[in-house]
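Data block below; observations after.
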Amino acid sequence: MKAIFHVLFISLLAYATAHADWVVVQKSTTDGQTSESTLQIKGDQTRMDQGKEMSVIANSTAGTSVMLMHAQKVMMKMDAESVKKLMARAGAALGGNQPAAAPTATGQKEKVGEYDCEIYTWTGALGTGKFWIAKDFPNFKDLNTAQDNLMNAMGNPAAALMPKASDFAGMAVKSELQIMGKTVTSELVSAKQDPVDEAVFTIPTDYQEMKVPGL
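In structure tokens:
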């Protein structure tokens, strides 16, 4: 259950929806292990591929999600009510409904790739963080607002314990977090408004369904 929650937790942090189609690629390193995730967004549909091992397909309007584990060819489905129950239990384990800690501008600036960034720090119930924020990132408000709305709608406990995307006047193109005993460094590889094929949100027919433990 702990491993499944960790995957769900990281996945929900990555979710975002927007009016335009988006393809967002991000590289993350957790305790020395590097992976790349690809987020494809089309309307209220989102697909996140974590390397070739795992994918999550979600519908923000319906509040449903399906986790696909490709090597085993199994899937776990959750409706909106099941997600909220799981996240409520996780929230209690994380310390309950505590006020969110706001990030603080340091006044420092640094270039990350092509973006001029302002550096923010954060200390909260889950840990500490450092964020590089690009204020000139195109259409960042759409992505930030949609991400916050979806996290709140799905009852994600991190929504009350982590900085909101809309707390930043720009796009987080890099972050360094110390969360729940894990060191996680993430950096945006690319974010493009490219057409996304509807077919990527189709659930495979040859995957066996497995129930989420504890639900």
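Count the sequence shown with mature numbering (1 follows the signal peptide of the UniProt record, and there is no 0) and you get residues -20 to -1, 1 to 195, in order.
Each residue gets a CB set at the ideal place from its N, CA and C atoms; glycine is no exception.
How far does the beta strand (DSSP E) with residue i in it extend, from its first residue to its last?
| i | result |
| --- | --- |
| Phe111 | Gly107 to Ala114 |
| Glu98 | Tyr95 to Thr103 |
| Thr185 | Counting along the chain, Thr185 falls outside any beta strand (DSSP E), and DSSP gives it neither H nor E. |
Is it the case that the Cβ atoms of residue i and residue j are separated by a distance below 9 Å?
| i | j | result |
| --- | --- | --- |
| Gln30 | Ser15 | yes |
| Glu33 | Met49 | yes |
| Gly109 | Met160 | no |
| Thr10 | Val164 | yes |
| Thr84 | Thr101 | yes |
| Asp1 | Gln20 | yes |
| Glu189 | Met58 | no |
| Ser155 | Phe111 | yes |
| Met28 | Ser40 | no |
| Gln6 | Phe181 | no |
| Ala82 | Pro143 | yes |
| Ser35 | Ser166 | no |
| Lys53 | Asp186 | yes |
| Leu123 | Val4 | yes |
Determine the DSSP secondary structure at residue i, reduced to helix, strand or coil.
| i | result |
| --- | --- |
| residue 236 | Any question about residue 236 goes unanswered here, given that the chain covers just -20 to 195. |
| Asp29 | strand |
| Ala133 | Any reading at Ala133 must be qualified, since the residue scores a pLDDT of 48, below 50, and its modelled position is unreliable; the value itself is stated next. Of the three classes helix, strand and coil, the one that applies to Ala133 here is helix, per DSSP. |
| Lys57 | strand |
| Val153 | strand |
| Ala145 | helix |
| Lys89 | strand |
| Lys191 | coil |
Tell me, which residues are paired with residue i by DSSP?
| i | result |
| --- | --- |
| Asn39 | Gln25 and Thr44 |
| Ser17 | Gln6 and Gln30 |
| Ile159 | Gly107 and Lys162 |
| residue 258 | No answer is possible for residue 258: the residues shown for the chain start at -20 and end at 195. |
| Val176 | The partner list for Val176 (beta bridge, DSSP) is empty, contrary to what the question assumes. |
Original post:
Taking contact to mean at least 3 C-beta pairs separated by less than 8 Å, is the segment 140 to 157 in contact with the segment 98 to 116?
Top reply: yes
Subject >> the segment 169 to 178 in contact with the segment 95 to 105 per 3-pair CB rule at 8 Å >> reply: no
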